[in-house]
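Student: Structure in structure tokens, see below.
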Amino acid sequence: MVFLMAELVSPGHGVGYWTIVVVGNIGIVLYEGLIVGIQAMRLSYYELFSKFFTGGGMRFEPLTLLPNKNA
């Protein structure tokens with residue numbers, strides 16, 4: 057996508073092309089880093105609180121549908 061946008065801005069591979077390519081790739085790297093950071097925090101949060109959680113509630117019973125005898 058970055059290369060397509062760069063080609064649309066500057067078809068001759070000039071300064072505009074390389075500017076879009078470099079800035080676009082830096083943006084992609086930053087976005088991927090943000091995603092990885094969020095996932096790492098989520099996993100740490102889950103593992104931390106699962107150590108201290110004691111389930112004292114009711115057991116989960118999923119909803120089941122009985123077959124229709126009239127059909």
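Counting from 57, one number per residue, gives the positions in the sequence shown under the working numbering.
From the three backbone atoms N, C-alpha and C, an ideal C-beta is built for every residue, glycine too.
In this text the structure is predicted, and so the values were computed from the model without any measurement.
(1) According to the Cβ coordinates, are residue 65 and residue 72 closer than 8 Å?
(2) Enumerate in chain order the residues of its own chain whose CB-to-CB distance from residue 88 is below 7 Å, with the five nearest sequence positions on each side excluded.
(3) For residue 106, report the span of its alpha helix (DSSP H) as first-last.
(4) Can you say whether residue 82 is buried or exposed, counting buried as having 16 or more other CB atoms within 10 angstroms of its CB?
(5) Just the Cα atoms here: how many angstroms apart are residue 108 and residue 100?
Tutor: Result, derived from the coordinates:
(1) yes
(2) none
(3) 71–108
(4) exposed
(5) 13 Å
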